[in-house]
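Heads up, the thing below is written out as structure tokens.
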């Protein structure tokens, strides 16, 4: 197992917890009677609403258009009537407006044969425009608009295209199932990106705990010049910068983007969306969500429409077997807790976890022992305790000098801390304060 | 739902470790040597260790009460300090001495700097050194161990004996074991390994300390870098240079004798590894351990005192902030 490559510094081995879902085929969630579709499901400016209460919308109709350079379109997941434009908080803490759509009328795509189109004659700009129109965003969790990500800045070139199939977060197996069940779509997505970026090499990085997916991908891409690289199981393998280091041994300079070292990467789920957008003319209106955790009666992977309520997904998985300590959107190490079960599934919802007290293991923080376990866990070579102590004393400049901005918020340090010090929480808050101070100084 | 689920910042799960588990592990690792000290030196040993623990815990508890701080006794760190102070006492020390050492360790060295995590010197060692220089005679009166502690006979520690005997070395003595023999205290390596020699309560049995230390290292409660660097560098220096005082050449020192005597094992496995007072990074800990090894060698070889472990570790404790300032991990995307 040690032969597989991985990133050099730090990393942790939390219990994987994937066994409960990784061997179960993806099931379809029932269609929502009411869909709540946020206009901010991506990083960047929220989409500009194109509908008003009372409007009738078709399935997959565009209801929000990009409102800036970094922004993405939003589509209606179901046919129906817009009853309300309301404001709500997403699990990530972001406040956004959302269209409430009541199911009504006929599905234009669902149940109909998929009409594919030949994209081989399309130009690069045309493909990018399709990604923009169809609201494709990164589905690994960061939800960065894909048409921006795949536009290479002038004077640069993409030497290597990396496919992020690490899925290193515990519990999550949605990407794993997608690799097994949508292998062809992923490969087709890669071919489209190949046309777009013209890379010299294409490498798919998969953690070695998914041997079936590795085999399947290898078979499927035998004809194409695509390499499949098994990686050692270690969190956070799927963090962009660490994945690049694991596969290529290159380090993205501090504060720079991967293109600086000639790399662009995308998650497997994103590639399925790219494929569906370009080949099938289908916008992002659904995604695969892992519903798991000790408190879920029948954990599984669910294909759900964007805007479905989390409550419906949990019901679809047999409801709650016991009272959870936490509800988490995303993976357990970087995900967000939420209380409102009526929160909608968005393009970035990779997992819904209901974790028991036993799984969470939280304790009140005690004094730092300077044991150095956070240092050993940090994949970025930082000294988290030193940054924390500076933040605690409001020495934000020093904290920045020690690498606060290089922190990828993976949570490895806080996970291992025997004193249960809320390191990530402090780093997030400090970055927020620095941003606000900078904004105030600007005027 | 009866109650709302928790809201928290990521990460949402946590490794099972806690300060209490770390300290509990250290106590468990010290237990065999504690039992052995009672077997060797009798019930007075139990009294000394119990008094140290009680004084440490009560001092910390009272300070918390007096200054209305949160209770910190359940992290078990005060108890660990107490046991280590007891371990550093000669067998028939008057009980007030470990009590004073404990109060000094907790109140002055640990608490006044901000409690667990903020002290920059190992409290147990500081307490030991404080009473060592205050009650020199009581702290250097040793007894030969006898099972059950009956008829305690006083006598110097092996290191103390050779320190004296080396001043008028006679012909034909090629090392510390022969020197002890000629000084009328024949001993074997096995005696030293098992702890059948005069010495501090908890330091004498290298075997039980090594077992406890291995337990801590394997469970990753303490790091391996400090013990390995400390013992390794110390052994290297002793091997290279200690033979010369017996007329031997370079690389003729008696490593085994020096590893098994004095407080080396206790110091290297349980005192130098105190995480609060050792460096944060792996490289830093190796430097720290090597520094401890070098200083222990220098004090044992050239100093007036037979022993150097306590002072060597304390000196390196002082250097820890400096080591942490200059020895840092290689940062991703910055130092490549």
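Residue numbers (the working numbering), protein chains in the order written: chain G, -4 to 438; chain V, 58 to 393. Think of the CB as a built atom: it goes at the ideal place given N, C-alpha and C, for glycine as much as any other residue.
1) Helix, strand or coil: which one does DSSP assign to residue 103 (chain G)?
2) If you compare alpha carbons, which of V:283, V:178 and V:147 is closest to residue 394 (chain V)?
3) Closer than 9 Å, Cβ to Cβ, to anything on chain G: give me those residues from the segment 355 to 387 of chain V, in chain order.
4) Flag residue 384 (chain G) as yes if its beta-carbon sits less than 8 Å from any beta-carbon of chain V, otherwise no.
5) Does any residue of chain V bring its CB to less than 8 Å from the CB of residue 84 (chain G)?
6) Using 8 Å as the limit for Cβ to Cβ distance, is residue 401 (chain G) near chain V?
7) Can you check which of these residues, G:130, G:376 and G:235, is closest to residue 267 (chain G) by C-alpha distance?
8) Going by DSSP in three states, residue 309 (chain V) sits in which element: helix, strand or coil?
9) Of all the options V:157, V:277, V:338 and V:252, which has the alpha carbon lying nearest to the alpha carbon of residue 379 (chain G)?
10) Once you ignore the five residues that flank residue 206 (chain V) on each side, which residues in its own chain have a CB closer than 6 Å to its CB?
11) With DSSP as the reference, label residue 331 (chain G) as helix, strand or coil.
12) If you measure between the beta carbons of residue 257 (chain G) and residue 363 (chain G), is that distance less than 8 Å?
13) Taking 8 Å as the threshold (beta carbon to beta carbon), is residue 138 (chain V) in contact with chain G?
14) Scan the segment 75 to 93 of chain V for residues whose Cβ lies nearer than 8 Å to a Cβ of chain G and list them as they occur along the chain.
15) Grab me the residues of residue 235 (chain G)'s own chain with a C-beta within less than 7 Å of its C-beta, minus the 5 sequence neighbours each way, in chain order.
16) Using the C-alpha atoms, what's the distance from residue 186 (chain G) back to residue 480 (chain G)?
17) Can you confirm whether the segment 24 to 36 of chain G touches the segment 174 to 190 of chain G when touching is taken to mean that 3 or more C-beta pairs between the two stretches lie within less than 8 Å?
18) Contact criterion: CB-CB distance below 8 Å. Does residue 388 (chain G) meet it with respect to chain V?
19) Using beta carbons (cut-off 8 Å, strictly below), is residue 323 (chain V) in contact with chain G?
20) Please work out which residues of its chain come closer than 7 Å, Cβ to Cβ, to residue 217 (chain G), disregarding the five sequence neighbours upstream and downstream, and give them in chain order.
21) Could you tell me which whole beta strand (DSSP E) segments of length 3 or greater appear in the segment 265 to 311 of chain G?
22) So, with DSSP's three-state summary, where would you put residue 206 (chain V)?
23) Could you pull out every unbroken alpha helix (DSSP H) segment of at least 4 residues lying fully inside the segment -4 to 62 of chain G, listed in chain order?
24) Bridge partners for residue 77 (chain G) per DSSP, in chain order?
25) Excluding the 5 residues preceding and the 5 following residue 382 (chain G) in the sequence, name in chain order all residues of the same chain whose CB lies nearer than 6 Å to its CB.
26) Assign residue 314 (chain V) to one of three DSSP states: helix, strand, or coil.
27) So the candidates are V:390, V:249, V:310 and V:63; which of them puts its Cα closest to the Cα of residue 358 (chain V)?
28) Hey, quick one: how far does the alpha helix (DSSP H) through residue 372 (chain V) stretch, first residue to last?
29) Considering only residues of the same chain and omitting the five flanking positions on each side of residue 208 (chain G), which have a CB-CB separation below 8 Å?
30) Spatial neighbours of residue 257 (chain V) within its chain, please: C-beta separation below 7 Å, excluding the five flanking residues on both sides.
31) Is residue 350 (chain G) helix, strand or coil by DSSP?
32) Among V:302, V:255 and V:171, which residue has its Cα nearest to the Cα of residue 231 (chain V)?
33) Is the number of C-beta pairs between the segment 40 to 47 of chain G and the segment 311 to 331 of chain G that are closer than 8 Å three or more?
34) Is it the case that the Cβ atoms of residue 46 (chain G) and residue 75 (chain G) are separated by a distance below 8 Å?
Taking the definition as stated:
1) Residue mapping note: residue 103 (chain G) aligns to position 108 of the first chain, counting from 1. Of the three classes helix, strand and coil, the one that applies to residue 103 (chain G) here is coil, per DSSP.
2) No answer is possible for residue 394 (chain V): it lies beyond the span of chain V, which begins at 58 and ends at 393.
3) Residues 377, 381, 385, 386 and 387.
4) Numbered from its first residue, the first chain carries residue 384 (chain G) at position 389. For residue 384 (chain G), no CB of chain V lies under 8 Å from its own CB, so it is not counted at the interface with that chain.
5) Translated into positions along the first chain, residue 84 (chain G) becomes position 89. So, not an interface residue.
6) Counted from its first residue, the first chain places residue 401 (chain G) at position 406. Taking Cβ atoms only, chain V reaches closer than 8 Å to residue 401 (chain G), which makes this a yes.
7) What you label residue 267 (chain G) is simply residue 272 of the first chain in a count that begins at 1. Of G:130, G:376 and G:235, the residue nearest in Cα terms is G:130.
8) Working through the second chain from its first residue, we reach residue 309 (chain V) at position 252. Here residue 309 (chain V) carries a coil assignment [DSSP, helix/strand/coil].
9) In the first chain, residue 379 (chain G) corresponds to position 384, counting from 1. Answer by Cα proximity: V:338.
10) Residue numbering aside, residue 206 (chain V) sits at position 149 when the second chain is read from its first letter. Here residue 206 (chain V) scores only 46 on pLDDT, less than 50, and its place in the model is too uncertain to base an answer on.
11) Residue mapping note: residue 331 (chain G) aligns to position 336 of the first chain, counting from 1. The answer is strand: DSSP assigns residue 331 (chain G) an E or B state.
12) Taking the first chain and counting its residues from 1, one reaches residue 257 (chain G) at position 262. Taking the first chain and counting its residues from 1, one reaches residue 363 (chain G) at position 368. Going by C-beta atoms, residue 257 (chain G) is not nearer than 8 Å to residue 363 (chain G).
13) The residue you call residue 138 (chain V) lines up with position 81 of the second chain. Using beta-carbon distances, residue 138 (chain V) does not count as an interface residue toward chain G, since no partner is under 8 Å.
14) Contact residues of the segment 75 to 93 of chain V toward chain G are 75, 76, 78 and 79 (C-beta to C-beta distance below 8 Å).
15) In the first chain, the residue the question calls residue 235 (chain G) occupies position 240. The answer, listed in chain order, is 253 and 260.
16) Here chain G comprises residues numbered -4 to 438, so residue 480 (chain G) is not present and cannot be evaluated.
17) Contact between the segment 174 to 190 of chain G and the segment 24 to 36 of chain G is absent: fewer than 3 CB-CB pairs across the two stretches fall below 8 Å.
18) Counting from 1 along the first chain, the entry for residue 388 (chain G) is found at position 393. Not one chain V Cβ lies under 8 Å of residue 388 (chain G).
19) Residue mapping note: residue 323 (chain V) aligns to position 266 of the second chain, counting from 1. So, not an interface residue.
20) Locating residue 217 (chain G) in the first chain gives position 222, counting from the first residue. So no residue of the chain qualifies.
21) Listed in chain order, they are 281 to 287 and 295 to 300.
22) Residue 206 (chain V) sits at position 149 when you count from the first residue of the second chain. The predicted model places residue 206 (chain V) with a pLDDT of 46, which falls under 50 and marks its position as unreliable; any figure quoted below should be read in that light. Of the three classes helix, strand and coil, the one that applies to residue 206 (chain V) here is helix, per DSSP.
23) Annotation note: the segment -4 to 62 of chain G contains the following uninterrupted alpha helix (DSSP H) runs of length 4 or greater, listed N- to C-terminal: 14 to 17.
24) What you label residue 77 (chain G) is simply residue 82 of the first chain in a count that begins at 1. In DSSP, residue 77 (chain G) forms a bridge with G:96.
25) As a working mapping, residue 382 (chain G) is identified with position 387 in the first chain. Here the set comprises 394, 397 and 399.
26) Position 257 of the second chain, counted from the start, is the residue given in the question as residue 314 (chain V). If DSSP states are grouped into helix, strand and coil, residue 314 (chain V) belongs with the helices.
27) By 1-based counting over the second chain, the position of residue 358 (chain V) is 301. A check of alpha carbon separations from residue 358 (chain V) across V:390, V:249, V:310 and V:63 identifies V:310 as the nearest.
28) Residue numbering aside, residue 372 (chain V) sits at position 315 when the second chain is read from its first letter. Judged by DSSP secondary structure, residue 372 (chain V) falls within the alpha helix (DSSP H) whose first and last residues are 366 to 383.
29) Within the first chain, residue 208 (chain G) is the residue found at index 213, counting from 1. Leaving aside the five residues that flank residue 208 (chain G) on each side, the residues in its chain whose CB is nearer than 8 Å to its CB run, in chain order, 160, 171, 174, 175 and 201.
30) Within the second chain, residue 257 (chain V) is the residue found at index 200, counting from 1. Cβ neighbours of residue 257 (chain V) beyond the five flanking positions: 144, 145, 146, 147 and 320.
31) Along the first chain, one-based indexing puts residue 350 (chain G) at 355. Reduced to three states, the DSSP call for residue 350 (chain G) is strand.
32) Residue 231 (chain V) sits at position 174 when you count from the first residue of the second chain. Proximity to residue 231 (chain V) across V:302, V:255 and V:171 peaks at V:302, based on C-alpha coordinates.
33) At 8 Å Cβ cutoff, the stretches do not touch.
34) Within the first chain, numbered from 1, the residue matching residue 46 (chain G) stands at position 51. Within the first chain, numbered from 1, the residue matching residue 75 (chain G) stands at position 80. Cβ atoms of residue 46 (chain G) and residue 75 (chain G): not closer than 8 Å.
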